[in-house]
Structure formats: structure tokens, C-alpha cells
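> One structure, pasted below without further comment.
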Amino acid sequence: MNDIENNEDLYKLVDEFYIKLLNDPSIAYIFTEVIKIKLEEHLPILVTFWSQALFNKGGYHKNVTQLHLDINEKEYLSPELFKIWLHHFNESVDENFIGLNAEKIKTQALSIATVMQIKIHNERKDKN
Ligand code: HEM
Numbered sequence: 020m021n022d023i024e025n026n027e028d029l030y031k032l033v034d035e036f037y038i039k040l041l042n043d044p045s046i047a048y049i050f051t052e053v054i055k056i057k058l059e060e061h062l063p064i065l066v067t068f069w070s071q072a073l074f075n076k077g078g079y080h081k082n083v084t085q086l087h088l089d090i091n092e093k094e095y096l097s098p099e100l101f102k103i104w105l106h107h108f109n110e111s112v113d114e115n116f117i118g119l120n121a122e123k124i125k126t127q128a129l130s131i132a133t134v135m136q137i138k139i140h141n142e143r144k145d146k147n
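In the numbering used here, the protein residues as written are 20 to 147.
As C-alpha cells, then:
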């Protein structure tokens, strides 16, 4: 097994990750019913995002946390959903890659997920 080195590797990763997400009914409905994603448009955006995060190239500059706060307005993104998301993400990495970038991308995913969850939690507190 190799490390994550380039966009081709990132494509493989997000492709396998979304197969897992979409095959798991406990989270798939967010992508098929709450927001109807078009996979062929969505996956290249994810590659750009991770290329930016991991290699500092790709040119993704949108506020990904705000985007998920907007999704959360439509459907509560619970701690359980984040747990499932991270589980599938980490498995997709571990099944395909080994090395420093593989560790780095899992750490980054966890830290972004943590920020998202804190903000979602704070928004809920503000409303009550
Ligand atoms: C409960 C966990 C999560 C769920 C259910 C979820 C769901 C979604 C959905 C439905 C979209 C499509 C939004 C749209 O096109 O309007 C999306 C986009 C995206 N998500 Fe997540 N997400 C989760 C966590 C994360 C985390 C932790 C990250 C980053 C580490 C992430 C990164 C992204 C990126 C980069 C996009 C593309 C944004 C864009 O179109 O510019 N997501 N997510």
C-alpha cells in the first residue's frame, strides 16, 4: 500500500468513501433526500477541497463549515451522524493508503468535524 500522493489518489479515496456513505442508510438520506447531490459534480469538489487541505494546492476557498451549518438548518447533523461519517472516512483511508498523508488527512477530517460540531452545538444553544 502507498501513501496519498496526488489528485488521482484523492479521487480513489473520495470515490470509495462515498460508496460507503451512500450504502449506509443511517447517513445516506442526507445526500439523497435532504440535499440531492450529483455525484459527478460533488466528487471533483471534494478532491479540490482535500488537495487544498493536504497539499496546499487546488484552490478551494469556500467556507466548508458554514456550508454544513446551512445543511444543519435543514436537517440536524447529530453527533451520531458525525461519528458515522468519520468512521467511513477513516476506513476508506485505511483500506487504501498508508503513510504520513494518510494520517494527516484523518487528523484534518477529525479537526474540521470537531469545529463543525462545536458550531452546530452553539447554534442550538443560542436558539433555546
Ligand atoms: C455528519 C457529517 C457530514 C454530513 C452529513 C455531510 C454532508 C454533506 C452534504 C449533504 C454536502 C453537499 C452540500 C451541497 O452541495 O449543498 C456536503 C458537502 C461537502 N462536505 Fe460534508 N458532510 C459532513 C461532514 C463533513 C466533514 C467533516 C467535512 C470535512 C472534513 C466535509 C466536507 C465537505 C466538502 C468539502 C463538501 C463540498 C462543499 C462544496 O460544495 O463546496 N463534510 N457535505
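From the three backbone atoms N, C-alpha and C, an ideal C-beta is built for every residue, glycine too.
All values derive from a computational prediction rather than experimental measurement.
If we ignore side chains and look at the alpha-carbon of each, how far apart do M20 and R143 end up?
Each residue's Cα considered, the two are about 43 angstroms apart.
> Residues in its own chain within less than 7 angstroms of K31 by CB, not counting five upstream and five downstream?
Cβ within range, chain order: N115.
> Taking its Cβ as the centre, do 16 or more other Cβ atoms sit within 10 Å of N42, making it buried, or is it exposed?
exposed
> Check each candidate in L100, H87, A72 and K146 and name the one with the smallest Cα separation from K123.
A72
> Let me make sure I understand the geometry here. Which of V112, V83 and K55 has the alpha-carbon closest to that of T126?
Of the residues V112, V83 and K55, the one whose Cα lies closest to the Cα of T126 is V112.
> Quick check on N21: does DSSP put it in helix, strand or coil?
strand
> Tell me which same chain residues have a C-beta within less than 7 angstroms of the C-beta of I139, skipping the five on either side of it?
The answer, listed in chain order, is L88, N91 and L96.
> Nearest to A132 by CA position, among D145, I117, H106 and L119, is which residue?
Checking every option, the nearest Cα to that of A132 belongs to H106.
> So S130 is in the alpha helix (DSSP H); what residue range does that whole segment cover?
L119 to K146
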